[in-house]
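Report on the following structure.
Chains as they are written, first to last, in our numbering: chain A, 381 to 717; chain B, 52 to 660.
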């Protein structure tokens with residue numbers, strides 16, 4: 381336990397926030413600060429690491445140790461910090477451009493290594509800081525500054541990449557849902573391993589309303605499924621819709637119709653090692669008549685890189701005769717003149 | 052027939068064969084044995100980029116040259132003894148044999164088929180026999196004969212033929228075999244039959260050479276070397292150890308982020324082994340990951356380094372700029388190779404000098420230093436780390452394929468004799484941490500995550516003087532640019548002055564930097580001994596240049612800059628010290644200089660004076 385009780389204000393830096401008014405990042409900043417205040421780490425043990433982009437300005441607004449890196453490289457910067465000092469709580473702040481385009485390679489590899497990092501991916505489906513070019517998560521056909529006739533590229537689903545990289549933790553939330561986001565961030569930090577939290581973020585300037593089909597007042601109840609481990613996958617205004625497995629596919633059903641009861645609805649198992657149901661949940665979208673899945677979709681325990689490394693060091697040290705550099709220099713074949 | 056005894060100070064041997072013939076191991080064994088009995092040794096492994104190039108072709112020839120005896124500073128220009136395991140090896144290397152050299156060939160491999168593979172005509176190749184003392188030995192069949200009762204299959208038997216050749220050469224130079232016997236016993240501890248076979252072939256090779264009497268015997272004058280404990284070391288291992296030594300001296304944990312690349316991979320491999328010293332080596336997914344994890348580790352308070360070769364340095368450029376602007380300590384080792392692009396991955400070159408000095412966006416000053424021998428890679432890696440930690444800056448250390456793979460005996464230093472390293476951590480009692488507050492040397496203080504009360508943010512955006520807050524103020528950017536530049540310039544006060552070797556009242560100065568030291572010092576020494584007046588200045592500190600550089604250079608009528616590129620250091624000197632006239636001698640063949648060509652160039656300049 382930390383010897384100090386923090387409030388979110390303890391994590392605010394003295395720097396003026398320069399995101400656009402109404403930017404989703406502002407709410408995310410609040411969520412992260414609140415999550416940190418809830419967690420048990422000492423303030424000096426937090427390191428907030430970012431790449432380049434609107435979201436990557438984040439460390440400047442945090443009163444913690446912070447490093448604003450270069451484009452796409454937040455993952456490797458964070459990996460270096462964590463490997464060097466495993467005691468730190470390391471938060472990587474990245475966006476869909478930074479993390480999935482220029483930094484895509486690092487993204488999959490940090491997940492594969494399962495280093496204990498909190499990877500917060502702000503997904504607004506656009507490049508903001510360079511003023512409105514399409515990103516790897518922009519929709520097919522989306523008209524942007526750099527796709528005046530619509531993109532002809534298929535977008536990534538971040539969660540699908542996480543599963544593809546054999547990831548152990550994936551959660552999804554929405555920028556404006558502060559309470560839910562705080563809970564998810566706390567769980568992400570507690571999870572030992574690479575925890576990816578995708579936050580649907582609204583860019584008010586270049587892609588305003590990108591997530592409206594999911595987040596608007598009129599549709600949100602029918603289009604959002606908030607998952608909780610051990611609870612049935614029920615959603616909808618009337619709380620009467622749910623998911624069942626139909627063969628290998630998910631299917632939306634209505635409780636009370638066609639003899640469906642609450643007991644028929646799938647129960648969420650975030651800890652299931654096999655990723656197939658998690659993958660199906662990740663890929664649900666409104667256009668196909670599904671709700672979008674939120675909450676902690678996948679959370680599976682596995683050994684982490686930095687712990688394995690520390691164990692290996694201890695093991696080798698206990699066996700090796702080389703205890704210092706003098707020993708090293710005199711190891712192997714030597715002769716005296 | 053009486054044996055001819057030739058007395059010499061140095062002998063150069065080249066072992067050459069197919070890249071699967073075990074020539075690197077054979078050469079290493081001879082070098083180690085010679086070093087163990089007190090000779091100076093310098094080696095030059097020269098192998099193709101392909102792991103198993105087509106057998107029998109010139110492209111697939113793997114060579115290992117070594118020079119041993121007294122005052123050895125280079126692997127030698129030309130071989131006194133050439134061992135050629137097939138026609139391709141002979142064809143590729145005969146130009147590097149001295150007139151009258153002894154050439155040992157495996158006649159079993161000199162078949163019509165192999166002449167065709169080597170792309171040469173038997174008659175023509177045999178014409179050279181007149182110019183050399185050729186020993187035709189049926190090495191392959193004698194090896195098979197030696198092992199006929201071993202129970203090994205034919206393929207395994209033939210694999211030992213390099214030991215037959217080694218045994219023969221041991222005999223010629225009257226070397227003891229014990230060291231190699233012990234080595235083989237250790238190497239094949241789990242396969243005693245193979246160990247036994249190799250040892251038998253080694254001894255039979257030795258005895259065969261005794262029996263045939265046909266070759267000259269050499270008596271090599273050993274060096275009178277300083278007393279101490281010695282070992283062999285190559286440049287890459289010495290670099291890795293120098294970094295570890297600096298970490299220990301600075302009382303810091305060590306981190307290396309790296310990505311495999313020829314000819315630098317061995318540094319990563321060596322650090323990976325050093326879990327016993329608590330070193331953390333991180334094999335990243337790419338070159339950028341290598342340097343970025345290192346920057347992360349530096350931010351977290353480690354001595355951090357990344358190792359690479361030219362193409363990797365190109366990829367690291369942006370991140371190196373991040374280390375410059377954040378002012379974090381970092382060592383970037385660039386083991387240079389032939390370029391541009393993939394170029395000549397296994398061959399040596401000094402053509403990354405400009406990249407190291409200038410290969411980044413913005414005003415991005417970086418100290419650059421260069422090691423000049425395999426063993427002093429240890430000292431310059433240590434020095435690079437010391438400068439990085441004491442001046443809070445990334446430092447580029449340049450070595451190259453020649454010294455990285457080359458070995459030499461090394462008097463093992465004691466850690467207690469290594470210089471102290473002062474880290475720049477913020478004092479524990481400091482009330483307020485201002486990340487970019489500078490001392491007299493323009494150096495900032497280091498606070499790392501986990502230190503209570505010193506939480507701060509750094510990054511790639513320009514920052515305000517003192518506070519480090521993001522700043523777009525025009526005058527501030529200029530001030531910070533100048534401060535970063537001044538900080539690097541100030542390092543000049545902490546580095547040694549340039550020393551001059553050779554004749555005191557020479558009018559001609561030979562200038563070199565980095566790995567050309569051995570060849571230049573040998574050429575100058577030999578010319579001085581022959582009465583020619585010439586001096587030598589060798590640069591290990593490139594940026595900043597030593598304080599007395601201008602003084603030194605101004606004393607000479609002619610300055611000849613020798614380097615393995617198209618004149619990068621000469622151009623740099625002309626930029627920094629424009630009042631001198633610089634003569635260029637450039638070589639860009641993927642090969643080191645030769646003492647012969649250096650002397651020729653110096654003599655040519657002397658004639659013009």
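Glycine included, each C-beta is placed from N, C-alpha and C at the ideal position.
Contact residues within the segment 465-476 of chain A, judged by C-beta distance below 8 angstroms to chain B: Contact annotation: in the segment 465-476 of chain A, residues whose CB is within less than 8 angstroms of a CB in chain B are 465, 467, 468.
For a contact meaning CB atoms closer than 8 angstroms, what does residue 333 of chain B contact in chain A? Neighbours of residue 333 of chain B on chain A, chain order: 459, 460, 463.
6 angstroms Cβ shell around residue 85 of chain B - same chain, five flanking residues per side excluded: A distance below 6 angstroms between beta-carbons, with the five flanking residues on each side excluded, links residue 85 of chain B to the following residues of its chain, in chain order: 92, 119.
Along chain B, which residues have their Cβ under 7 angstroms away from the Cβ of residue 427 of chain A? Within chain B, the residues near residue 427 of chain A are 500.
Looking only at its own chain, which residues have a Cβ that is under 7 angstroms from the Cβ of residue 319 of chain B, when we skip the five neighbours before and after it? Here the set comprises 307, 309, 311, 332, 334, 358.
Just to confirm the assignment, what range does the alpha helix (DSSP H) spanning residue 215 of chain B have? Counted as a single uninterrupted DSSP element, the alpha helix (DSSP H) harbouring residue 215 of chain B occupies residues 212-223.
For the candidate residues B:263, B:172, B:451, B:252, whose alpha-carbon lies nearest to that of residue 193 of chain B? Answer by Cα proximity: B:252.
Pull up the DSSP beta-bridge partners for residue 635 of chain B, would you. The partner list for residue 635 of chain B (beta bridge, DSSP) reads B:612.
Could you name each continuous beta strand (DSSP E) segment of 3 residues or more that falls completely within the segment 535-589 of chain A, going from the start of the chain to the end? Look at the segment 535-589 of chain A and you find these whole runs of beta strand (DSSP E), each 3 residues long or longer: 549-554, 575-580.
Element boundaries [beta strand (DSSP E), containing residue 433 of chain B]: Counting along the chain, residue 433 of chain B falls outside any beta strand (DSSP E), though it belongs to the alpha helix (DSSP H) covering 427-442.
Going along chain B in order, which residues have a C-beta closer than 8 angstroms to the C-beta of residue 706 of chain A? What residue 706 of chain A touches in chain B: 465, 466.
Should the segment 260-275 of chain B be regarded as contacting the segment 221-231 of chain B, the criterion being three or more beta carbon pairs within less than 8 angstroms? Touching, per the Cβ criterion.
Just how far apart, CA to CA, sit residue 202 of chain B and residue 216 of chain B? A straight line joining the alpha-carbon of residue 202 of chain B with that of residue 216 of chain B spans about 22 angstroms.
Would residue 345 of chain B pass as an interface residue toward chain A - the criterion being a Cβ-Cβ separation below 8 angstroms? Cβ-Cβ to chain A under 8 angstroms: yes for residue 345 of chain B.
Cutoff 6 angstroms; reference residue 517 of chain B; Cβ partners in own chain excluding five residues on either side: So the qualifying residues of the chain are 485, 487, 488.
Can you name the residues that DSSP bridges to residue 154 of chain B? Partner(s): B:133, B:185.
So which residues on chain A does residue 87 of chain B lean against when the C-beta distance must stay under 8 angstroms? Correct list: 713, 715.
Could you name each continuous alpha helix (DSSP H) segment of 4 residues or more that falls completely within the segment 68-152 of chain B, going from the start of the chain to the end? As far as the segment 68-152 of chain B is concerned, its whole alpha helix (DSSP H) runs of at least 4 residues are 74-87, 138-144.
In chain order, what residues of the segment 510-544 of chain B put their CB closer than 9 angstroms to some CB of chain A? Of all residues in the segment 510-544 of chain B, only 510, 511, 512, 520, 521 place a beta-carbon less than 9 angstroms from a beta-carbon of chain A.
Which first and last residues belong to the alpha helix (DSSP H) in which residue 445 of chain B is found? In the DSSP annotation of this structure, residue 445 of chain B is not part of any alpha helix (DSSP H); the continuous beta strand (DSSP E) holding it starts and ends at 445-451.
Assuming residue 750 of chain A and residue 328 of chain B are in contact, meaning their beta carbons sit under 8 angstroms apart, how far apart are those beta carbons, in whole angstroms? This structure gives no information on residue 750 of chain A, because the portion of chain A shown stretches from 381 to 717.
Is residue 244 of chain B buried or exposed, if buried means 16 or more other CB atoms sit within 10 Å of its CB? Looking at its Cβ environment, which holds fewer than 16 other Cβ atoms inside 10 Å, residue 244 of chain B is exposed.
To test your reading of the DSSP string, which unbroken alpha helix (DSSP H) runs of 4 or more residues are found completely within the segment 471-529 of chain A? For the alpha helix (DSSP H) assignment, the uninterrupted runs of no fewer than 4 residues enclosed by the segment 471-529 of chain A are, from N- to C-terminal side, 484-493.
Below 8 angstroms, how does it come out for the segment 658-668 of chain A and the segment 291-306 of chain B: are there three or more Cβ pairs, yes or no? Judged by Cβ distances under 8 angstroms, the segment 658-668 of chain A makes no contact with the segment 291-306 of chain B, as fewer than three pairs qualify.
Assigned exposure category for residue 523 of chain B - 16 Cβ within 10 Å defines buried: Counting every other CB atom within 10 Å of its CB across the protein chains shown gives residue 523 of chain B a total below 16, marking it as exposed.
Suppose you measure from the CA of residue 412 of chain B to the CA of residue 102 of chain B; what does that come to, to the nearest Å? Here the alpha carbon of residue 412 of chain B sits roughly 37 angstroms from the alpha carbon of residue 102 of chain B.
Work out the CA separation of residue 614 of chain A and residue 635 of chain A for me, nearest whole Å. Rounded to whole angstroms, residue 635 of chain A and residue 614 of chain A show a C-alpha spacing of 9 angstroms.
With a 10 Å radius around its C-beta and 16 neighbouring C-beta atoms as the bar for buried, classify residue 382 of chain A as buried or exposed. Note that residue 382 of chain A scores 47 on pLDDT, short of 50, meaning its location in the model is unreliable; the coordinates nonetheless yield the value given after this. Result: exposed.
Member of A:550, A:697, A:522 whose CA lies at the smallest distance from the CA of residue 573 of chain A: If we check each option's Cα against that of residue 573 of chain A, A:550 comes out closest.
Do the segment 573-582 of chain B and the segment 644-655 of chain B meet, that is, are 3 or more Cβ pairs less than 8 angstroms apart? Segments in contact, yes.
Between residue 652 of chain A and residue 97 of chain B, what straight-line distance do the alpha-carbon atoms span, to the nearest angstrom? Cα atoms of residue 652 of chain A and residue 97 of chain B: separation of roughly 54 angstroms, rounded to the nearest angstrom.
Cα-Cα, which of B:133, B:365, B:432 is closest to residue 150 of chain B? Taking only the C-alpha atoms, the option nearest residue 150 of chain B is B:133.
Suppose the cutoff is 7 angstroms on Cβ atoms and the five residues either side in sequence are ignored; what does the same chain contact list for residue 433 of chain B look like? Closer than 7 angstroms at the Cβ level, and outside the excluded window around residue 433 of chain B, lie 293, 296, 297, 469.
Look at the alpha carbon of residue 515 of chain B and the alpha carbon of residue 527 of chain B, and state the distance between them as a whole number of angstroms. Approximately 6 angstroms between the Cα atoms of the pair.
Are the segment 591-603 of chain A and the segment 445-465 of chain A touching, with three or more C-beta to C-beta distances below 8 angstroms? Three or more Cβ pairs closer than 8 angstroms define a contact, and the segment 591-603 of chain A falls short of that threshold against the segment 445-465 of chain A.
List the DSSP bridge partners of residue 56 of chain B. When DSSP reads this structure, residue 56 of chain B sits in a beta bridge with B:268.
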